Amino acid sequence: VRLMQDKEEMIRKLREEIDLLNRDLDDIEDENEQLKQENKTLLKVVGQLTR
Numbered sequence: 002v003r004l005m006q007d008k009e010e011m012i013r014k015l016r017e018e019i020d021l022l023n024r025d026l027d028d029i030e031d032e033n034e035q036l037k038q039e040n041k042t043l044l045k046v047v048g049q050l051t052r
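As numbered in the working numbering, the sequence shown has no gaps in its residue numbers, which increase by one up to the final residue, 52.
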């Protein structure tokens, strides 16, 4: 019984960790997309300045 409880607790903790990691991944992907857009804008501005 104790072994089963330990395994269930470990599964619960791992699921929580997965949820946190998925949230972090979503945040990082959003930030990456924003940075790509900023880079695109900066490259456009630099391109106009060098003409």
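Every residue, glycine too, gets a C-beta built ideally from N, C-alpha and C.
Just so you know, these numbers come straight off a predicted model, no measurement behind them.
Spatial distance of residue i from residue j (CA atoms)
i, j, result
"Asn44", "Leu36", "This sequence places Leu at residue 44; Asn is not what is there. Straight-line Cα distance between these residues: approximately 12 Å."
"Leu15", "Glu30", "22 Å"
"Lys8", "Val2", "10 Å"
"Arg13", "Leu22", "14 Å"
Residue i in three-state terms, based on DSSP
i, result
"Arg52", "coil"
"Val47", "helix"
Cutoff 7 Å; reference residue i; Cβ partners in own chain excluding five residues on either side
i, result
"Arg52", "none"
Residues near residue i in its chain [Cβ-Cβ closer than 8 Å; skip 5 each side]
i, result
"Asn40", "none"
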